[in-house]
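Sequential numbering from 1265 applies to the sequence shown in this note's numbering. Positions of the beta carbon are idealized from the N, C-alpha and C atoms, including for glycine. Because the structure is a prediction, the values reported are computed rather than measured. Just below is one structure, and these are the notes that go with it.
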Amino acid sequence: MESAGRSNRRELSNAARNSSSLRKITILVVDNDPTSLAMISGMLENWRYGVAAGNSSVKALYTLREHLSIDLVLTDVDMPEMDGFELLRHIKQEFEVAVIMMSSNDEDSVIEKCFTGGAMFFLVKPVNPYDLKSLWQYPIAKKGKPVVIEELESTLTVGEPSSAGSSSNSGTDEKSHSASISSITTVLSISSITTD
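Right under this line is the structure:
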């Protein structure tokens, strides 16, 4: 009797864990540079995203046509044959998927062309791993669910001058003990708006 109770609790615990887990978001990474492709794919896998990779725009379109489970395309702008802008245009014509562009060229004209073409975001290469962590929000926003971002907490920490050793080395100590900003933290809450 007691072992049946433990078994039922274990089954309920497993069911609760499975129902509460979020569906894995799958990102298609497109970059003709094999080193960059491997690094970005590895960083995304570390953040627990599903990753598909392609080294050309043609392969990316093939992957999108064959695998309807792609939630987001992260593509480089500068590629041979078909550049990222043309890939973006094809994706917008054929698919309902979020696209984020990336490039080492951070000129305003390049970024503007990405956004006017329909990209949801632009990343400057080399890509920061923490920028990749938050990519989950773009497929959610693309699906037509309005997203609210609100500031929950803002913290400003200022270093205080120490009273230790303030009597003798006035020139050196004043420089080392002057007030300085040590950290600025903003915590954002992202939530979907539900309409009835």
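Residue i versus residue j - alpha carbon distance
i	j	result
T1380	G1306	29 Å
E1417	R1329	With a pLDDT of only 43 at E1417, under 50, the local geometry of the prediction cannot be trusted, and no value is derived from it.
A1405	S1373	25 Å
L1387	A1362	14 Å
L1336	V1294	11 Å
D1342	G1382	17 Å
D1340	I1375	12 Å
E1371	G1348	15 Å
W1400	E1358	22 Å
Y1313	E1360	19 Å
Extent of the continuous alpha helix (DSSP H) to which residue i belongs
i	result
L1387	It is not in any alpha helix (DSSP H) - L1387 instead sits in the beta strand (DSSP E) that spans F1385 to V1388.
G1348	G1348 to E1358
G1381	D1372 to G1381
V1391	First-last for V1391: undefined, no H or E at that position.
Nearest residue (CA-CA) to residue i, options the options
i	options	result
L1332	N1369, G1348, I1289 and L1352	I1289
N1310	L1338, Q1401 and Y1394	Y1394
M1346	S1300, S1368, L1292 and N1319	N1319
N1296	L1325, P1344 and G1314	P1344
A1324	N1369, S1368 and R1353	R1353
Test item: CB-CB of residue i and residue j under 7 Å
i	j	result
M1384	I1364	yes
M1366	K1397	no
T1299	A1316	no
L1301	S1321	no
I1304	V1391	yes
Span of the beta strand (DSSP E) around residue i
i	result
D1340	L1336 to D1340
L1292	T1290 to V1294
M1209	The first residue shown for the chain is 1265 and the last is 1460, placing residue 1209 beyond what the model contains.
Same chain only: Cβ atoms within 8 Å of residue i, ignoring 5 sequence neighbours per side
i	result
K1377	F1349
Sequence-distant residues of the same chain with beta carbon closer than 7 Å to residue i, five excluded per side
i	result
P1403	I1289, D1335, L1336 and A1362
Contacting residues, own chain, Cβ-Cβ under 6 Å from residue i (five flanking each side not counted)
i	result
L1308	I1291, V1315 and L1396
L1338	I1291, V1293 and I1364
S1434	Low confidence applies here, because S1434 scores a pLDDT of 46, under 50, leaving its location unreliable; read the following figure in that light. Counting only Cβ-Cβ distances below 6 Å, and skipping sequence neighbours, we find nothing.
S1368	K1389
is_contact[residue i, chain C] using C-beta, thresh 7 Å
i	result
K1356	No chain C is present in this structure, which holds just one protein chain.
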